[in-house]
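Q: Residue numbers (this note's numbering): 1382 to 1655. Where is the CB? At the ideal position from N, CA and C, for every residue including glycine. The structure that follows is given in the form of structure tokens.
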Amino acid sequence: MEEELASYKKQLERVMSEQQEAAKMLIRRDLALSRANEQLQALDVAKSEFISVAAHQLRTPLSALKWIMRMLSQNEFRDEAERRSFIMKASESTDRMIDLVNDLLEVDHIQSGKDQFVFKPVNVHLIISAIVSEMQSIANSRNISLVVDLAADMGVSGDPIKLRALFQNLIENALKYTLAGGTVRIVSTIENGFVKVAITDSGIGIPEGQKQRIFSKFFRATNAMKVETVGSGLGLFIAKQVTDRHGGKIWFESPAGEGTSFFVLLPIGYTSLA
Ligand code: ADP
């Protein structure tokens, strides 16, 4: 009888300890589910924000286009010159929308992990030289001197299309945010196994209180919006993702009243499995 009681007691203890384990597991699952739920809610908020900002940015060029189309259909122009100038404006609005949609698609690709980087040996010197010759006429038209001093051999393992987009954005920004008569300097060096590119301008600078947000999606500083109304605020976000995927670094310095320098470090001979 005593033996039977002891055996029942043991069984009871085992069942109780199993129940305690099951209860602990349920609590852990419950915590994991609430955490996943919170993450999904945050993702949902971020997606709505993304759609709302994107729609907002598309609305201005679309409204301009609608207005010009109406004028064209009713032939409301003083003369042929005015008609042509409005057609040019319509074409610029369309270009803006295409640029914005391309940036949005790029951001979506990066964030969803769908973005495929194709790594191969690339000479960054050639990429930057090609961009500079394309931008020279814009610099001339704004009376900005473009000074270039590149190391001869800047071989990295990288995705040439993404690297082109990265440097094009930085050089375009330097020109966009520098007033007429200023200077943009592009200098590259080889330092401790890295290609280092510095793009320095004598432009409007980045305000102290807004520096920490400069690589965030859609962020545009207040002074930038005043000098250049066109911009998505997506270029630097993309630039940061591209440098990260190459195992590199991007940062900037913008001492008050002295313009801005953006720096990119890319490891020489880096091979990515991505
Ligand atoms: P966008 O140029 O379309 O606004 P970016 O993502 O390329 O978007 O840049 C984000 C913001 O960073 C700009 O709006 C501007 O405020 C700031 N910025 C970038 N480059 C410069 C620069 N060279 N000088 C001053 N501000 C800059």
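#1: Check whether the Cβ atoms of residue 1478 and residue 1504 lie closer than 8 Å to each other.
#2: Can you tell me whether residue 1547 is helix, strand or coil according to DSSP?
#3: Return the residue from the list 1487, 1495, 1404 that minimises the CA-CA distance to residue 1616.
#4: When DSSP labels each residue in this structure, what does residue 1568 get in the three-state scheme?
#5: For residue 1504, which of helix, strand or coil comes out of DSSP?
#6: Using only the heavy atoms of the ligand ADP, determine whether one of them is closer than 7 Å to the beta carbon of residue 1582.
#7: What residue range is occupied by the uninterrupted beta strand (DSSP E) comprising residue 1575?
#8: Would you kindly work out how many angstroms separate the C-alpha atoms of residue 1412 and residue 1425, rounded to a whole number?
#9: Would you call the stretch 1556-1573 in contact with the stretch 1521-1532, where contact means no fewer than 3 C-beta pairs closer than 8 Å?
#10: Among residues of its own chain, excluding the 5 on either side of residue 1452, which ones have a beta-carbon nearer than 8 Å to its beta-carbon?
#11: Jot down the residue ranges of each uninterrupted alpha helix (DSSP H) in the stretch 1479-1524, minimum 4 residues, whole runs only, in chain order.
#12: Just grab the DSSP bridge partners of residue 1648 for me.
#13: Rounded C-beta distance between residue 1578 and residue 1645? I'm assuming under 8 Å.
#14: Taking only the alpha-carbon atoms, compute the straight-line gap between residue 1415 and residue 1597 and give it to the nearest angstrom.
#15: Secondary structure at residue 1612, three-state DSSP: helix, strand or coil?
#16: Tell me whether residue 1527 sits in a helix, a strand or coil according to DSSP, three-state version.
#17: Over what stretch of residues does the alpha helix (DSSP H) that includes residue 1394 continue unbroken?
#18: Let me know the secondary structure DSSP gives residue 1590 once reduced to three states.
#19: Which word fits residue 1393, buried or exposed, when buried means at least 16 other C-beta atoms lie within 10 angstroms of its C-beta?
#20: With DSSP collapsed to three states, give me the class of residue 1653.
#21: Tell me the rounded alpha-carbon separation between residue 1640 and residue 1548.
#22: What first and last residue would you give for the beta strand (DSSP E) that runs through residue 1633?
#23: Taking the alpha-carbon of residue 1605 as reference, which of 1556, 1621, 1569, 1576 has the nearest alpha-carbon?
#24: Residue 1474 by DSSP, collapsed to three states: which one?
#25: Who are the Cβ neighbours of residue 1654 in its own chain at under 7 Å, not counting the five residues just before and after it?
#26: Report the partner residues of residue 1641 according to the DSSP bridge assignment.
A: The answer reads as follows:
#1: no
#2: helix
#3: 1487
#4: strand
#5: strand
#6: yes
#7: 1575-1582
#8: 20 Å
#9: yes
#10: 1458, 1467
#11: 1505-1522
#12: 1575
#13: 5 Å
#14: 27 Å
#15: coil
#16: strand
#17: 1383-1454
#18: helix
#19: exposed
#20: The predicted model places residue 1653 with a pLDDT of 44, which falls under 50 and marks its position as unreliable; any figure quoted below should be read in that light. Residue 1653 falls in the coil class under three-state DSSP.
#21: 18 Å
#22: 1630-1634
#23: 1556
#24: helix
#25: Bear in mind that the predicted position of residue 1654 carries a pLDDT of just 40, short of 50, making it unreliable; the figure below should be weighed with that in mind. For residue 1654, where only same-chain residues beyond five positions count, there are no Cβ hits under 7 Å.
#26: 1582
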